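Numbers 76 to 465, taken from my numbering, label the letters of the sequence shown in order.
Beta carbons are placed, not taken as given, at the ideal position from N, Cα and C, and that holds for glycine.
Predicted model, so just to flag it, every value in this text is computed and none were measured.
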Amino acid sequence: HLFYWFFESRNDPKNDPIVLWLNGGPGCSSLTGLFMELGPSGVTKNIGLDYNPSSWNANASVIFLDQPVNVGYSYSSSSVSNTVAAGKDVYALLTLFFKQFPEYAGQPFHISGESYAGHYIPVFASEILSHKKRNINLQSVLIGNGLTDGLTQYEYYRPMACGDGGWPAVLSEQECTSMDNALPRCQSLIQSCYNSESVWSCVPASIYCNNAIIGPYQRTGMNPYDVRKKCGSNSLCYDELDWIQEYLNKPEVMKALGAEVDSYDSCNFDINRNFLFQGDWMQPFHRLVPDILKEIPVLVYAGDADFICNWLGNLAWTSELEWPGHESYKKAPMEDLELLDDGTKIGSVKSSGNFTFVRLHAGGHMVPYDQPVASLDMLNRWLSGEWMKA
């Protein structure tokens with residue numbers, strides 16, 4: 076039983092594209108994206124609702140999906156513990172959705188998400204594209220502050236925490252050196268995972284690297300999702316998550332939404348642990364991206380103040396990815412990205428062929444939360460085909 080919440084476009088729902096939004100975790104509800112980042116309303120401190128003028132349904136209809144099962148309002152007697160199994164469920168759900176609402180099936184469909192969706196999206200897109208007879212008109216994917224290629228991403232935790240990512244250093248020289256010293260072992264463990272047929276060989280890589288490379292940052296009390304801030308009282312650093320959880324547990328809200336679960340949690344940590352112990356965390360899902368690029372455009376974007384899935388690592392893996400357009404993408408210059416409306420600089424963009432990378436300035440892990448206007452501008456331009464080369 077997968078729960079989704081669908082919002083029609085504020086503009087022209089009969090013709091506008093459809094966007095699926097996925098939050099990460101793994102095990103976190105996409106209703107966080109809805110109420111804290113890019114949905115039509117936000118939840119306020121007094122557990123009311125607040126209109127969001129920069130909602131992503133400005134020019135697209137958006138589906139927020141709680142997945143895998145047992146996340147948010149979704150439930151099942153069995154559970155899913157890896158991305159590939161999750162992808163089969165999402166494919167089945169989308170097929171049913173477009174069968175149930177055939178009026179949307181012809182419209183362009185895009186998958187977007189952040190964080191662990193850097194794992195989900197390459198797998199889900201590959202699953203959809205593998206079905207030649209499908210009723211899902213997949214036109215592109217967008218990965219925001221994603222974890223896609225661990226081997227490359229983990230190399231950039233030290234630079235990001237130690238002042239090389241455009242923001243002041245969070246760690247002392249001593250801590251930075253200890254991260255440097257831990258990196259070779261971390262990378263050799265990830266490499267063994269990449270080379271191995273067995274998912275079990277991926278578990279030691281996740282455990283060692285997370286302790287040795289992410290641990291020093293977490294111990295500072297700074298927010299791993301935003302190097303500019305201290306982590307708040309909530310274990311996930313944002314009070315908004317408590318407000319959203321309170322709102323979505325209101326009996327009248329659950330009744331109105333037809334929720335069939337006893338209670339709502341923003342993240343299911345059992346699922347998070349199960350994915351980790353199934354070796355899913357370090358799987359080399361970036362290897363699926365070249366085949367996706369043969370068929371549809373891919374946008375990788377990153378708010379540049381995030382630590383946990385930082386822009387340095389995302390730029391690096393896109394530049395190192397082996398695909399036919401590798402050389403021309405690597406050589407493509409970083410150009411200033413300015414708001415269409417008034418020319419304010421919001422970041423930089425690099426694009427070649429079907430592959431685009433966007434660095435969004437002063438955005439944390441959740442770009443639409445920090446930079447709502449800039450992220451909507453980027454989305455609208457992406458959907459209109461600005462950087463998609465035929």
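| Asked | Found |
| --- | --- |
| Taking the beta carbon of residue 104 as the centre, do at least 16 other beta carbons fall within 10 Å, making it buried, or is it exposed? | buried |
| Taking all protein chains shown into account, do 16 or more other C-beta atoms lie within 10 angstroms of the C-beta of residue 246, making it buried, or fewer, making it exposed? | buried |
| Tell me whether residue 355 sits in a helix, a strand or coil according to DSSP, three-state version. | coil |
| When the Cα of residue 127 is compared with those of 462, 447 and 453, which residue comes out closest? | 447 |
| Would residue 336 pass as a contact of residue 79 if the rule is Cβ separation under 9 Å? | no |
| Give me, in chain order, the residues of the same chain whose beta-carbon lies closer than 8 Å to that of residue 309; leave out the 5 immediate sequence neighbours on both sides. | 316 and 317 |
| Report the three-state DSSP secondary structure of residue 465 (helix, strand or coil). | Only weak support exists for where residue 465 lies, its pLDDT of 41 falling under 50; the value from the coordinates is given anyway. Residue state, collapsed to three classes: coil. |
| Per DSSP, what are the beta-bridge partners of residue 298 in this structure? | 301 |
| Start and end of the beta strand (DSSP E) containing residue 182? | First-last for residue 182: undefined, no H or E at that position. |
| Using a Cβ-Cβ cutoff of less than 7 Å, which residues in the same chain neighbour residue 381 once the five nearest sequence positions on both sides are dropped? | 220, 300, 301, 439 and 440 |
| What whole-angstrom Cβ distance do residue 265 and residue 225 have, given they're in contact under 8 Å? | 5 Å |
| Within the same chain, show all residues whose beta-carbon is closer than 8 Å to that of residue 320, passing over the 5 residues directly before and after it, in chain order. | 339, 340 and 341 |
| Secondary structure at residue 440, three-state DSSP: helix, strand or coil? | coil |
| Skipping 5 residues on each side, what residues in its chain have a beta carbon closer than 6 Å to that of residue 267? | 276 |
| For the beta strand (DSSP E) that contains residue 420, what are its first and last residues? | 420-427 |
| Which two residues bound the contiguous beta strand (DSSP E) that contains residue 412? | 410-413 |
| Among residues of its own chain, excluding the 5 on either side of residue 94, which ones have a beta-carbon nearer than 6 Å to its beta-carbon? | 135, 137, 185 and 187 |
| Confirm, please, whether the CB-CB distance from residue 372 to residue 182 is below 9 Å. | no |
| Look at the Cβ atom of residue 324, then the Cβ atom of residue 189, and state whether they are nearer than 9 Å. | no |
| To which residues does DSSP link residue 376 through a beta bridge? | 219 and 433 |
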